[in-house]
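S.K.: Top line first, the protein sequences correspond to chains G, X, R, S, H and E.
1 is the number of the first residue of the first sequence in the numbering used here; add one for each residue after it.
316 is the number of the first residue of the second sequence in the numbering used here; add one for each residue after it.
631 is the number of the first residue of the third sequence in the numbering used here; add one for each residue after it.
946 is the number of the first residue of the fourth sequence in the numbering used here; add one for each residue after it.
1261 is the number of the first residue of the fifth sequence in the numbering used here; add one for each residue after it.
1576 is the number of the first residue of the sixth sequence in the numbering used here; add one for each residue after it.
Here's a structure for you.
Number of protein chains: 6
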Amino acid sequence: MYLHAQKLIHEIADDEPDPAAANALQEGLGGQFGEMRTMMQYLFQSMNFRGKAAKPYKDLLQGIGTEEISHVELIGTTIARLTDGSPRYQGKSTDPIDSPGAGGATPLASALTEGNIHHYLVGAQGALPVDAAGNPWSGSYVYNSGNLVLDLLYNLMLESTGRLQKCRIYEMSANKALRSTVSYLIVRDQAHENGYAKALETLGVDWKKVLPIPKTNAEQFPEVKKMVDLGWQSKQYTFDLTGASEAAKIYRGASPSNDGTQLDATEQAPEGAPLTIADERPEEFAPGLDPELLALIQATADLEMAEPEMTYGPL
Amino acid sequence: MYLHAQKLIHEIADDEPDPAAANALQEGLGGQFGEMRTMMQYLFQSMNFRGKAAKPYKDLLQGIGTEEISHVELIGTTIARLTDGSPRYQGKSTDPIDSPGAGGATPLASALTEGNIHHYLVGAQGALPVDAAGNPWSGSYVYNSGNLVLDLLYNLMLESTGRLQKCRIYEMSANKALRSTVSYLIVRDQAHENGYAKALETLGVDWKKVLPIPKTNAEQFPEVKKMVDLGWQSKQYTFDLTGASEAAKIYRGASPSNDGTQLDATEQAPEGAPLTIADERPEEFAPGLDPELLALIQATADLEMAEPEMTYGPL
Amino acid sequence: MYLHAQKLIHEIADDEPDPAAANALQEGLGGQFGEMRTMMQYLFQSMNFRGKAAKPYKDLLQGIGTEEISHVELIGTTIARLTDGSPRYQGKSTDPIDSPGAGGATPLASALTEGNIHHYLVGAQGALPVDAAGNPWSGSYVYNSGNLVLDLLYNLMLESTGRLQKCRIYEMSANKALRSTVSYLIVRDQAHENGYAKALETLGVDWKKVLPIPKTNAEQFPEVKKMVDLGWQSKQYTFDLTGASEAAKIYRGASPSNDGTQLDATEQAPEGAPLTIADERPEEFAPGLDPELLALIQATADLEMAEPEMTYGPL
Amino acid sequence: MYLHAQKLIHEIADDEPDPAAANALQEGLGGQFGEMRTMMQYLFQSMNFRGKAAKPYKDLLQGIGTEEISHVELIGTTIARLTDGSPRYQGKSTDPIDSPGAGGATPLASALTEGNIHHYLVGAQGALPVDAAGNPWSGSYVYNSGNLVLDLLYNLMLESTGRLQKCRIYEMSANKALRSTVSYLIVRDQAHENGYAKALETLGVDWKKVLPIPKTNAEQFPEVKKMVDLGWQSKQYTFDLTGASEAAKIYRGASPSNDGTQLDATEQAPEGAPLTIADERPEEFAPGLDPELLALIQATADLEMAEPEMTYGPL
Amino acid sequence: MYLHAQKLIHEIADDEPDPAAANALQEGLGGQFGEMRTMMQYLFQSMNFRGKAAKPYKDLLQGIGTEEISHVELIGTTIARLTDGSPRYQGKSTDPIDSPGAGGATPLASALTEGNIHHYLVGAQGALPVDAAGNPWSGSYVYNSGNLVLDLLYNLMLESTGRLQKCRIYEMSANKALRSTVSYLIVRDQAHENGYAKALETLGVDWKKVLPIPKTNAEQFPEVKKMVDLGWQSKQYTFDLTGASEAAKIYRGASPSNDGTQLDATEQAPEGAPLTIADERPEEFAPGLDPELLALIQATADLEMAEPEMTYGPL
Amino acid sequence: MYLHAQKLIHEIADDEPDPAAANALQEGLGGQFGEMRTMMQYLFQSMNFRGKAAKPYKDLLQGIGTEEISHVELIGTTIARLTDGSPRYQGKSTDPIDSPGAGGATPLASALTEGNIHHYLVGAQGALPVDAAGNPWSGSYVYNSGNLVLDLLYNLMLESTGRLQKCRIYEMSANKALRSTVSYLIVRDQAHENGYAKALETLGVDWKKVLPIPKTNAEQFPEVKKMVDLGWQSKQYTFDLTGASEAAKIYRGASPSNDGTQLDATEQAPEGAPLTIADERPEEFAPGLDPELLALIQATADLEMAEPEMTYGPL
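Pasting the structure below:
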């Protein structure tokens, strides 16, 4: 059972809208090695897990898998911000229904030549479950052989490939919103690489000098360096509400990345950053409320409400 | 940000393994109108939501979307139990690596003729992200137009279609494990139907006699009737860890299903049922641990561990 | 612009429901060489046609393409009849909403083991736009190179492959409903083979003895023989409402199939057979009308209506 | 059974070729909510229809479905005109085979950077069965649950989404050929919205103020306003050649769009506009006739032909 | 540049036709972890290889990739033999065109219920480029990140997964034709596992006890044991016609599988087994030659022919 | 069984990197009518071939199919060269790991706007198994009906369509690397067209003036003319290492293209051109070797190696 906190797992820096940057980020969301895939892969591996003696391994998968849902939320929100307003429409009309294309204007003209036209035509300046070449996400991506060694090996390769692709995305754009999310995910992918590599170490493998994959250095990615200096590449939250996770039995000891840090999995969750709601975009008919419907919406929003009955936190 | 509780949202009744029942259930997991789709659709609609005045609508989407992740976990686990052991292999060997196919035996022979062969060949007697005809789940299923009325209308249709398909699955098999999960989801889909129908009522629509869709009666589905008598079709949890959800501003008042109940969304989460770990299946090489690897796994499991540092519950 | 006559292009013989036969027929509807494909391919070739001097070739494509829409209707209706009632449910209940699965019965149990489960789970005992292995129809099937010789060559191959597959389907089942439609389409595919082969003859090709493809003989397919004796393999209707078709400039003279007949394209349309409406299937919740909704439907059906204002036929 | 009239359902305004506009229009042809989809969805819903008492509903589906085939023809032809000549090749060569790329020239160079390269590489400057992101049309788009209320609800949502996307396309380009077709389809989609909304009204639903979806106003889309002033959004032709359609029993009375008009379905078909044949494009080898083949084509075109034997109109 | 020897890389044992066994084998041919995928993956990794200093690694990829083409040929031929004649048609008619379905018989009836119907309807009792669930092979399977460590890690996982799936297929059927090919491929997959594991050893990784994956033992798979006793799991041919391969610089020394053998890559190619041509199947119209066409074929076969001019062997 | 010679089948001219040209070429590699498709189609037709009397036809398929693997290698290598260095990164760093993005630079920025972003993000400036619109290659492309006449007819159409598309690609770019490969393939496709057309001639068809398809002339494509003057369009190698091919019994006599040449198939293989290995691209982390790993690689490359034991050539 899952619960949601109205927070983003990491904050997104402000910058200009950028449809091409948004499109590149789609690979990290809906691509074959993106967050939707890691999320689904680990959730399936957890559901189908075999071997009671191996509970710490299941808990590691479940914890990382739960984090990946928050990564889907983070990268999806980043894409939404990068597409929002990118056609340079100001969106400050006092009459939101009628003005956008008044007299036959073309407020969405830029969609023909920049980024993925579906961001403006199928979605309303928001994220889509597709990759950077426009291919929809596919269930055939999910790997779950049931063999523990193979699943761990695949996951190590998967996190490393995700990290490789995010390093390449970093090199494609200096947009700060893109960079803040991509840099965070580069660090978190390494944290997950470390988890799967460590799990294989408990089974005997000695990685020597090949990790991390890909080899990078701090100077190359300044935003990444700041987070590495905080040790985020060696920390894994349990994301577990029942206190039952045994992931810390694996996620401990010297990092397989040979950076001198110790792995740590003794905290439940990070603090997070505020979640906000985007403004309306009349040229997209989103949400498409005319004054009559808006009044009805407002009436609903103005209702009084009792305190909910809580089973879980916040503590 | 999401967290996980090591519980199933609803318990699964015990019954015999049944590969054909498992295959039918795949439609409810990876089908076009299954739980992976509702989950992804509502998470995307939440991420891309527009209109600050409409926060209760976003919170309704976010809350139902979070519940759908638990439904993925529930139906996936049900499929795993229905496939587990279905080839009638006893799995009690004292020498788990060598016995399954000793001397060239065919412990997986039933996979050639029953259910989906991929349950045994690609997975290790577990759930897959595909539908009942074997098609992988596709990102092209997700609908998120950005227009609030359209998104609500689609969601109402989506939940109703999901419920229709689950009623048909119910009529296909009397297996108790299948039935306990399918009946629960029939009731929950109606709870979601009610939520989206009510949201459209706040915008003026009067549904009169057309809801619920499909029309069913209590006598037809005895397992469903028990849950309807408890009012579960009119209850929506917030699944929100920050106490900030305003979904209850919509999910209140008389049910659009005309069954005389009042909608209620004042609780955070249900109690849930225990999550367990499946036994190993040597004939699938899952998890495929020989004595040497098993000893290493056990050493990890035996480690001492500190209490985790909790931010959220349990209270 | 297209119009519809409430008639089937050919009648369907009565026989028992047969889910496996229905599934085999799906190849002829939604398969790579089925009727949806021929229809779409010829409509695209007509829309994108180049060369004013070549109007008879365009008219040939347009006429055959229009006939293919009627073939989609014929084969789809045949599949619907073969699936209808196949789970052996009698459907004669006086209380259509409540009886089908009364007390937890399994009226759809046969769907787990016979034919395509989607016929009962996703559709309501009706045709689907998929092939016999369950793959959805794809736009990537459509071929339209724009080169006239290549398009004609492809079409000749396409009709021959369609006919080959229908001969194989004929050999798979003796169900009379399947056979009446399959035999008719074997003959019509040959009529289209003749059309494209003749068009290539006007450009100089001499086919000698290779046509028709595949080689069959009359004795092998008795139902086919009856229609061949009527000369239907050498006849092409214009299906044109404006009297402007010049297809008969190509579709004339000795048949390229070397059967001694003369091609003929001087009639507009065949007589056709009655179209009927299927009974409801309460176990599918189709159409799912309870007494209240049924009364509303009946009120609509009982309304008086003026004569429509006609521009086209019947003469 | 279907017939074809050699007419376009609406005329296409003249304007410059425009590959980007053509690509955007592909969403309206081969996209998930485009004309190929509405056409196929309604044809399947008609074929698989259940309930003799509900014939007016089937006739409504059949009539709109038949119109959608003409919409496929209209939008496909518009795309063909927008791609035709877009690489700025004049196409007036006296020696059509040899001149286009004489001496190694690159008459198709613009295909590398504008619109969809497949318009020039796979097709010969013509329409393709794909969406604006290049994904082929898929049979998985077709929805036909068999439940009448659900199918009507889906169709209402489908037409509204189609209309929403066409409003967005309108805002992307001021090309007159694109606009004349898109504006016409915006109006016709609303006519279909009205039909499905009205059908749900006969079952009791009261839409109050939510229709039409999306909310637009006349001033915003001048080309649309002209057709709305003619009342085309409230008119539905039967497209039925047998005079048997009962769609007018539903399509009558006050418009659910609250624009003060009365719905009307008492005419068979609109007048239509002339269909023409495109010029050859030697650089595409389309149709690729050298002088010898051209002479053979001309010989066929010069043949005399008898009057066809007509069963249906024109009256 | 590639050349072909008219030999199978390994012989196929004789046994009865078996459509279900043929279908299971399709996973090994066209599945996500089958031979078409390994072949394509290694050919792409070779073409796109970077780093002149790393030539032995490229040569290892090229050599294994070339072997995989022969594996496609072997497993495809095995499937063809297992489907051939499976409908129990004797195929010994003296009049091959007319007899199969004489008088409306159903010689292909078994296709409706056994294996994949496409083996009989789309193919003519032969192999298809699809997996065991009927999904067509996809280019999206191919992994080639360009990062050497990642590509090697993926390949190790890929070969191990292929071997895992083949062990499962072995356990599904005792058919000797299936077993001879599956057992051979289990051994060869291990030989490739050893190659990629060894390549990672040269980069420092120490696998200790985790290899091979999956863990099996000799007694379980008697046919495999015979080939392991011959050391085939530790031998890699160069399949190189220019004598330039440096794969043996990697493929040498103690096996990473810890079985006490030494790796060896000093031979060019194995001896192979005879390739034969299948008999015709008149009920499939394959090859579909009537007496006239057969006479023409024979005339071609009877022609005299000069010795070809050879550049490469046999020596 | 297949072997590989470390040679390209034809040399690639040097020119500037060009991402748009690379993307267009992808259609010739991974497109529906590209080299991966011809290769797979002919390999499947060979494996599934029926009819011992028709061995020359099988050998023709096998020989052309083998050549197509070399074409995959040629066009893939061409794409790799055209993408390599296209982001204008000089790649001459002395510290390959750290310099590419030093200080947060964007060496891959051009990937956002030129060609297919996957060339830089998923691949490392190399070829991908996709078409020019980014769709992955699909097994559903492969046609193998088993009917000899149909398979030959399809193959003739396939080669002609491939040649048509390559003529269009030629007209899209004057890049010399693109042109040298495209021109070679235009000539080889015609050689294959001639082979299949001739095979149909042996069955009686007389093509008169319709071949070749498309009609081109020498002056239009200067690079093609040079190879046509050498007669390469009328020559087919056996690519057979056992001297057993009988393809020359078909591939002989006057060319069906009416160009006055005689077909010839008496040589085993062309000479070929050198294969080289690309430089590393640090900004892609390809191959991603830091100094420690590089030293290990070098140690492997420096090993001594025995002469391999050869079974086949070179002679």
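Note that beta-carbon positions come from the ideal geometry of N, C-alpha and C, so glycine has one too.
So, does the CB of Ser1200 (chain S) fall closer than 9 Å to a CB anywhere in chain X?
M.R.: By this cut-off, Ser1200 (chain S) is not an interface position.
S.K.: Fully enclosed by the region 809-878 of chain R, which alpha helix (DSSP H) runs are 4 residues long or longer?
M.R.: Listed in chain order, they are 852-859.
S.K.: Taking a contact to mean a Cβ-Cβ separation below 9 Å, would you say Pro1389 (chain H) touches Ser1621 (chain E) in this structure?
M.R.: Against a cut-off of 9 Å, the Cβ pair of Ser1621 (chain E) and Pro1389 (chain H) comes out as no contact.
S.K.: For Gly162 (chain G), count the other beta carbons within 10 Å of its own beta carbon; 16 or more makes it buried, fewer makes it exposed. Which is it?
M.R.: Gly162 (chain G) should be labelled buried.
S.K.: Just to check my reading of the structure: Asn509 (chain X) and Leu618 (chain X) have Cβ atoms closer than 8 Å, yes? What is that Cβ distance to the nearest angstrom?
M.R.: The Cβ separation is near 48 Å, so there is no contact.
S.K.: What distance in whole Å lies between the Cβ atoms of Gln268 (chain G) and Tyr627 (chain X), which are believed to be in contact at a cut-off of 8 Å?
M.R.: Right, their Cβ atoms sit about 7 Å apart.
S.K.: Would you kindly work out how many angstroms separate the C-alpha atoms of Glu1798 (chain E) and Lys1751 (chain E), rounded to a whole number?
M.R.: Going from the Cα of Glu1798 (chain E) to the Cα of Lys1751 (chain E) covers about 10 Å.
S.K.: Going along chain G, which residues have a C-beta under 9 Å from Gln1528 (chain H)?
M.R.: Near Gln1528 (chain H) there are no residues of chain G at all, since even the closest Cβ is about 32 Å away, more than 9 Å.
S.K.: If you measure between the beta carbons of Ser425 (chain X) and Gln6 (chain G), is that distance less than 9 Å?
M.R.: No, the Cβ-Cβ distance between Ser425 (chain X) and Gln6 (chain G) is not below 9 Å.
S.K.: For the region 258-288 of chain G, list every residue whose C-beta sits within 7 Å of some C-beta in chain X, in sequence order.
M.R.: Going along the region 258-288 of chain G in chain order, one finds Thr266, Glu267, Gln268, Ala269, Gly272, Ile277, Ala278, Asp279, Glu280, Arg281, Glu284, Phe285, Ala286, Pro287, Gly288 with a Cβ nearer than 7 Å to chain X.
S.K.: Here's the rule I'm using: 16 or more other beta-carbon atoms within 10 Å means buried, otherwise exposed. How should Asn653 (chain R) be labelled?
M.R.: Label assigned to Asn653 (chain R): buried.
S.K.: Work out the CA separation of Lys1741 (chain E) and Phe1796 (chain E) for me, nearest whole Å.
M.R.: Approximately 11 Å between the Cα atoms of the pair.
S.K.: In chain B, which residues lie with their C-beta within 9 Å of the C-beta of Phe554 (chain X)?
M.R.: The displayed structure is made up of protein chains G, X, R, S, H and E, and chain B is not among them.
S.K.: Taking the alpha-carbon positions, what's the Ala1766 (chain E) to Lys1810 (chain E) distance?
M.R.: Roughly 6 Å between the two C-alpha positions.
S.K.: What does the alpha-carbon distance come out to for the pair Gln863 (chain R) and Met1296 (chain H)?
M.R.: Going from the Cα of Gln863 (chain R) to the Cα of Met1296 (chain H) covers about 42 Å.
S.K.: Using a beta-carbon distance below 9 Å, is Thr476 (chain X) in contact with chain S?
M.R.: Judged by the 9 Å Cβ criterion, Thr476 (chain X) is in contact with chain S.
S.K.: Going straight from the alpha carbon of Lys1667 (chain E) to that of Val1442 (chain H), what length do you get?
M.R.: Model confidence at Lys1667 (chain E) stands at a pLDDT of 47, short of 50, so the residue's coordinates are unreliable and nothing is read from them.
S.K.: Taking the alpha helix (DSSP H) that Leu970 (chain S) belongs to, which residues open and close that run?
M.R.: Leu970 (chain S) -> alpha helix (DSSP H) spans 964-975.
S.K.: Applying the 10 Å Cβ sphere with the 16-neighbour rule, what's the burial state of Thr1669 (chain E)?
M.R.: Note that Thr1669 (chain E) has pLDDT 45, beneath the 50 cutoff, so the model's placement of it is unreliable and no number is given.
S.K.: With a CB to CB cut of under 6 Å and the five nearest residues on each side skipped, what residues in its chain are close to Arg494 (chain X)?
M.R.: Closer than 6 Å at the Cβ level, and outside the excluded window around Arg494 (chain X), lie Glu538.
S.K.: Taking 8 Å as the cut-off, is the C-beta of Asp264 (chain G) nearer than that to any heavy atom in the ligand GDP?
M.R.: What this structure holds is no ligand at all, so the ligand GDP is not there to describe.
S.K.: Measuring alpha carbon to alpha carbon, tell me which residue in R:Ser887, R:Lys682, R:Asn765, R:His634 is nearest Val840 (chain R).
M.R.: Comparing Cα positions, the closest option is R:Ser887.
S.K.: Whose Cβ in chain G lies nearer than 9 Å to the Cβ of Leu1410 (chain H)?
M.R.: Met157, Ser160, Thr161, Leu164, Ile213, Pro214, listed in chain order.
S.K.: Can you find the residues in the same chain that come closer than 8 Å, C-beta to C-beta, to Ala328 (chain X), ignoring five residues on each side of it along the sequence?
M.R.: Same-chain partners within the cutoff: Lys491, Ala492, Arg494, Ser495.
S.K.: Residues of chain G with CB closer than 9 Å to the CB of Gly1464 (chain H), please, in chain order.
M.R.: Within chain G, the residues near Gly1464 (chain H) are Asp206, Trp207, Lys208, Lys209, Val210.
S.K.: For a minimum of 4 consecutive residues, which ranges assigned as the alpha helix (DSSP H) are wholly contained in the region 1368-1429 of chain H?
M.R.: Entirely contained in the region 1368-1429 of chain H, the alpha helix (DSSP H) runs reaching 4 residues are, in chain order, 1378-1381.
S.K.: Determine the contact status of Gln1322 (chain H) and Asp1449 (chain H), defining contact as a CB-CB distance below 9 Å.
M.R.: No, they are not a contact pair.
S.K.: Taking Ser1118 (chain S) as the query, report the chain G residues whose CB atoms sit under 8 Å from its CB, ordered along the chain.
M.R.: Within chain G, the residues near Ser1118 (chain S) are Thr106, Ala109, Leu112.
S.K.: Mind checking Asp836 (chain R): buried by the 16 CB within 10 Å criterion, or exposed?
M.R.: Exposed, since its Cβ has fewer than 16 Cβ neighbours within 10 Å.
S.K.: Grab me the residues of Asp413 (chain X)'s own chain with a C-beta within less than 6 Å of its C-beta, minus the 5 sequence neighbours each way, in chain order.
M.R.: Caution is warranted here: a pLDDT of 42 is assigned to Asp413 (chain X), below 50, making its placement in the model unreliable, and the coordinate value is therefore given only provisionally. Excluding positions up to five away in sequence, the list is empty.
S.K.: In this structure, does DSSP put Glu1643 (chain E) in helix, strand or coil?
M.R.: In the structure shown, Glu1643 (chain E) sits in a helix (DSSP, three-state: H, G or I).
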